[in-house]
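Undergrad: Residue 1 is where the sequence shown starts when you use the UniProt record's numbering, and the numbers rise one by one after that.
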Amino acid sequence: MGATPIIDKGAAPAASGGTARASLPTTGFGARLMRTKPVERLVAEGGQGEGGTLRRSLGMWQLTMISIGATLGTGIFVVLGSAVPDAGPAVVISFVIAGLTALFSALSYAELAGTIPVSGSSYSYTYATLGELVAWVCGWCLILEYGVSVAAVAVGWGQYLNELLDGTIGVTIPAWMANPPGVDGGIFNLPALLVVLLCMAFLLGGAKESARANTIMVCVKIAALLLFCAVAFTGIRAGNYAPFMPLGLGGVSAAGATLFFSYIGFDAASTAGEEAKDPKRDLPKAIMLSLLIVTALYVLVAAIAVGAMPWQEFKGSEAALAGIMKDVTGHGYWSVLLAAGAVIAIASVVLTVLYGQTRILFAMSRDGLVPKRLAKVSKKGVPVGNTVVVSLFCGGLAAAVPLGQLADATSIGTLFAFALVNVAVIVLRFTRPGMKRSFQVPLSGVRVPFGDTRVPLFPVFPLIGFGLCVYMMFSLDVVTWEVFLGWMFLGLVIYFAYGMRNSRLAREALAEATTGEAVTEAVTEAAPAEPAKTPAKATAKAPAKAPAKSPARTPAKGTAKAPAKNAAKGAKPAGKSPAGAATKK
Numbered sequence: 001m002g003a004t005p006i007i008d009k010g011a012a013p014a015a016s017g018g019t020a021r022a023s024l025p026t027t028g029f030g031a032r033l034m035r036t037k038p039v040e041r042l043v044a045e046g047g048q049g050e051g052g053t054l055r056r057s058l059g060m061w062q063l064t065m066i067s068i069g070a071t072l073g074t075g076i077f078v079v080l081g082s083a084v085p086d087a088g089p090a091v092v093i094s095f096v097i098a099g100l101t102a103l104f105s106a107l108s109y110a111e112l113a114g115t116i117p118v119s120g121s122s123y124s125y126t127y128a129t130l131g132e133l134v135a136w137v138c139g140w141c142l143i144l145e146y147g148v149s150v151a152a153v154a155v156g157w158g159q160y161l162n163e164l165l166d167g168t169i170g171v172t173i174p175a176w177m178a179n180p181p182g183v184d185g186g187i188f189n190l191p192a193l194l195v196v197l198l199c200m201a202f203l204l205g206g207a208k209e210s211a212r213a214n215t216i217m218v219c220v221k222i223a224a225l226l227l228f229c230a231v232a233f234t235g236i237r238a239g240n241y242a243p244f245m246p247l248g249l250g251g252v253s254a255a256g257a258t259l260f261f262s263y264i265g266f267d268a269a270s271t272a273g274e275e276a277k278d279p280k281r282d283l284p285k286a287i288m289l290s291l292l293i294v295t296a297l298y299v300l301v302a303a304i305a306v307g308a309m310p311w312q313e314f315k316g317s318e319a320a321l322a323g324i325m326k327d328v329t330g331h332g333y334w335s336v337l338l339a340a341g342a343v344i345a346i347a348s349v350v351l352t353v354l355y356g357q358t359r360i361l362f363a364m365s366r367d368g369l370v371p372k373r374l375a376k377v378s379k380k381g382v383p384v385g386n387t388v389v390v391s392l393f394c395g396g397l398a399a400a401v402p403l404g405q406l407a408d409a410t411s412i413g414t415l416f417a418f419a420l421v422n423v424a425v426i427v428l429r430f431t432r433p434g435m436k437r438s439f440q441v442p443l444s445g446v447r448v449p450f451g452d453t454r455v456p457l458f459p460v461f462p463l464i465g466f467g468l469c470v471y472m473m474f475s476l477d478v479v480t481w482e483v484f485l486g487w488m489f490l491g492l493v494i495y496f497a498y499g500m501r502n503s504r505l506a507r508e509a510l511a512e513a514t515t516g517e518a519v520t521e522a523v524t525e526a527a528p529a530e531p532a533k534t535p536a537k538a539t540a541k542a543p544a545k546a547p548a549k550s551p552a553r554t555p556a557k558g559t560a561k562a563p564a565k566n567a568a569k570g571a572k573p574a575g576k577s578p579a580g581a582a583t584k585k
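Quick look at the structure:
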């Protein structure tokens with residue numbers, strides 16, 4: 001069972017837009033590291049797991065809420081305390097600058113998400129363009145980013161829960177069970193573990209159910225911010241906006257660099273590529289719309305906050321919004337309402353980031369770079385084992401490990417992934433210039449017929465996005481770099497010890513070298529009960545016939561056409577993809 005080798009005597013035809021590069025070099029150590037996985041194959045395998053398929057159940061609204069849920073966390077509740085002292089009232093410009101900085105990378109994500117609508121996000125994008133080793137490094141980096149982010153945010157959730165309990169019923173969670181060992185007398189952070197397990201329960205219910213819960217939480221935290229704006233608006237004084245830029249452009253730029261990290265998370269929707277109803281259409285829209293909504297909220301909240309309180313008073317304040325509401329109304333219960341909003345906000349971040357982590361690991365497992373059991377899918381379309389393992393790991397990390405500097409490493413990991421995505425856009429444009437794209441980065445091509453819009457000056461935006469990411473990476477402190485490089489070293493050890501030899505492409509290359517014929521492994525287990533529901537119908541049936549002739553990978557009639565057929569189908573609109581068809585049944 002599991003991945004089954006299939007002899008393929010003919011190459012799959014490429015989708016419109018050029019010829020797919022060979023992905024199975026069999027000679028040379030460097031060639032093995034640089035082997036790529038064709039876009040057509042990535043798309044054709046969409047949704048396929050071990051023993052089942054993911055279900056396409058998410059529309060554009062749910063996808064947008066996933067990205068907003070991952071982006072709009074507690075940052076806006078606390079970040080003004082560090083940004084306003086640098087920029088003054090001009091912090092609104094700093095938010096716009098940070099949003100524009102994120103926009104360059106968001107455009108690259110939008111293009112690739114529409115072109116390669118799979119769950120692996122930047123891991124899969126780099127696998128198709130930059131090779132297996134770079135893809136592994138990117139995926140390993142995302143494991144650090146998502147895993148530590150979930151743990152760090154879960155710890156923050158426990159702190160806000162304590163504030164909420166103290167402000168409402170006058171009870172707080174004892175320090176020994178609200179902090180990890182070595183932090184303020186802590187032994188075990190129970191609240192952090194509980195919120196991760198709660199989010200795990202939502203995820204095990206299915207993508208549609210967890211997306212519905214996330215949508216409710218996102219609406220609640222947006223309502224909390226709009227409530228702040230409505231109340232604080234009555235306290236605005238025109239004099240608080242002067243001088244508008246007290247520390248000059250340098251202060252505005254410094255604040256913009258700080259605020260950039262408040263936009264991290266817009267890429268979360270790209271991990272839902274195999275569960276979106278129409279990914280080619282909806283993923284680019286969801287990524288761009290989420291960034292627009294978050295930027296508008298940040299600018300609105302910042303503009304009202306600096307108008308309601310002199311900018312000098314923001315220094316050292318980690319509860320600026322609560323303080324403003326208390327000053328304007330004269331009542332302290334507003335801080336309780338904001339604490340409740342923060343509890344909801346953080347829970348949605350945990351849910352969406354945990355979701356993204358499981359889907360990226362699912363894609364890596366399907367490719368053989370990590371154990372294939374992590375790609376096993378239940379009848380409900382959920383990678384259950386994957387979800388449980390990831391949740392227990394993140395929950396244990398949050399409950400029992402003082403994160404310290406490790407939490408800061410998530411920033412450098414995110415920037416590294418963003419930089420690779422910008423490079424991947426450029427590489428794919430040069431290697432597959434005619435490939436149809438549902439969305440394209442502006443200033444990155446030439447005019448073609450309607451439906452595939454491009455404008456001149458390629459590749460301006462991706463290069464700007466890459467440069468900004470690299471610049472911000474080198475602006476981080478030395479300790480963060482040490483943690484990051486240590487994690488990368490560990491990842492390389494695992495890749496060369498396990499991933500390199502267990503990769504599906506490696507196994508296929510070995511089989512090809514042995515038999516002299518092209519080999520493609522089927523992803524989904526042959527399920528006797530419902531073979532017709534597997535996305536690769538012909539491929540799933542073929543292995544069952546082969547053993548009758550020879551157990552040693554003998555070519556079977558009709559098998560050679562399966563990969564070509566699947567690849568051709570993968571080039572069609574997402575609504576008609578094999579995975580989508582299986583879902584509708």
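For glycine and all other residues, C-beta sits at the position ideal for the given N, C-alpha and C.
Over what stretch of residues does the alpha helix (DSSP H) that includes residue 37 continue unbroken?
TA: Counting along the chain, residue 37 falls outside any alpha helix (DSSP H), and DSSP gives it neither H nor E.
Undergrad: So, with DSSP's three-state summary, where would you put residue 497?
TA: helix
Undergrad: Closer than 8 Å is the cut-off here; do at least three beta carbon pairs connect the segment 50-67 with the segment 156-168?
TA: no
Undergrad: At the level of alpha carbons, what is the spacing between residue 242 and residue 89?
TA: Taking the CA atoms as reference points, residue 242 sits about 8 Å from residue 89.
Undergrad: Compare the beta carbon distance of residue 154 and residue 196 with 7 Å and say whether it is the shorter of the two.
TA: Yes, Cβ-Cβ distance for residue 154 and residue 196 is below 7 Å.
Undergrad: Taking the continuous alpha helix (DSSP H) assigned at residue 312, which residues delimit it?
TA: No alpha helix (DSSP H) holds residue 312; DSSP gives it neither H nor E.
Undergrad: Bridge partners of residue 53, per DSSP?
TA: 48
Undergrad: Rank 141, 38 and 56 by C-alpha distance to the C-alpha of residue 412 and give the top, closest one.
TA: The candidate whose alpha carbon is nearest that of residue 412 is 141.
Undergrad: By DSSP, does residue 58 sit in helix, in strand, or in coil?
TA: strand
Undergrad: Less than 7 Å between the C-beta atoms of residue 97 and residue 42, yes or no?
TA: Taking 7 Å as the Cβ cut-off, residue 97 and residue 42 do not qualify as a contacting pair.
Undergrad: If we require 4 or more residues per run, which alpha helix (DSSP H) segments fall completely within the segment 182-219?
TA: 190-204
Undergrad: Among 174, 203 and 199, which has the Cα closest to the Cα of residue 188?
TA: 174
Undergrad: In this structure, does DSSP put residue 380 in helix, strand or coil?
TA: coil
Undergrad: Given that a residue counts as buried once 16 or more other Cβ atoms are within 10 Å of its Cβ, and exposed if not, what is residue 448?
TA: At residue 448, the pLDDT of 38 sits below 50, so the modelled position is not reliable; the number obtained from the coordinates is stated separately. With a 10 Å radius around the Cβ and a threshold of 16 neighbouring Cβ atoms, residue 448 comes out exposed.
Undergrad: Bridge partners of residue 113, per DSSP?
TA: Paired residues: none, contrary to the question.
Undergrad: Mind the definition here: the segment 68-84 touches the segment 337-355 only if three or more C-beta pairs lie below 8 Å; say whether that holds.
TA: yes
Undergrad: Ends of the alpha helix (DSSP H) at residue 365?
TA: 333-366
Undergrad: Would DSSP call residue 276 helix, strand or coil?
TA: strand
Undergrad: If you draw a straight line from the alpha carbon of residue 246 to that of residue 263, how long is it in whole angstroms?
TA: 25 Å
Undergrad: Take residue 21 and list the residues in its own chain whose beta-carbon comes closer than 8 Å to its own, dropping the five residues that flank it on each side.
TA: Note that residue 21 scores 42 on pLDDT, short of 50, meaning its location in the model is unreliable and no value can be drawn from it.
Undergrad: Find out if the Cβ-Cβ distance for the pair residue 232, residue 320 is shorter than 7 Å.
TA: no
Undergrad: Could you check whether the segment 118-136 touches the segment 285-301, counting it as contact only if at least three pairs of C-beta atoms, one from each stretch, sit closer than 8 Å?
TA: no
Undergrad: Below 7 Å between beta carbons: does that hold for residue 465 and residue 105?
TA: yes
Undergrad: Using only the alpha-carbon positions, how far apart do residue 249 and residue 421 sit?
TA: 30 Å
Undergrad: Closest Cβ-Cβ distance between residue 56 and chain B: below 7 Å?
TA: Any reference to chain B falls outside this structure, which holds one protein chain only.
Undergrad: Less than 7 Å separating the beta-carbons of residue 488 and residue 347?
TA: no
Undergrad: In the DSSP assignment, find the alpha helix (DSSP H) that holds residue 422 and state where it starts and stops.
TA: 409-431
Undergrad: Distance check for residue 81 and residue 325, CA to CA, integer angstroms please.
TA: Spanning the two alpha carbons is a distance of roughly 15 Å.
Undergrad: Any idea what DSSP makes of residue 281, helix, strand or coil?
TA: In the structure shown, residue 281 sits in a helix (DSSP, three-state: H, G or I).
Undergrad: Please state if the CB of residue 290 and the CB of residue 67 are separated by a distance shorter than 7 Å.
TA: yes
Undergrad: For residue 255, report the span of its alpha helix (DSSP H) as first-last.
TA: 248-259
Undergrad: Check each candidate in 478, 429 and 467 and name the one with the smallest Cα separation from residue 102.
TA: 467
Undergrad: Could you give the residue range of the alpha helix (DSSP H) that holds residue 172?
TA: Taken as a continuous stretch (DSSP letters only), residue 172 belongs to no alpha helix (DSSP H), as it is neither H nor E.
Undergrad: Taking residue 398 as the reference, give the member of 83, 109, 121 and 156 with the closest Cα.
TA: 156
Undergrad: With a Cβ-Cβ cutoff of 7 Å, do residue 369 and residue 499 count as a contact?
TA: yes
Undergrad: For the alpha helix (DSSP H) holding residue 76, just list the boundary residues, first then last.
TA: 75-78
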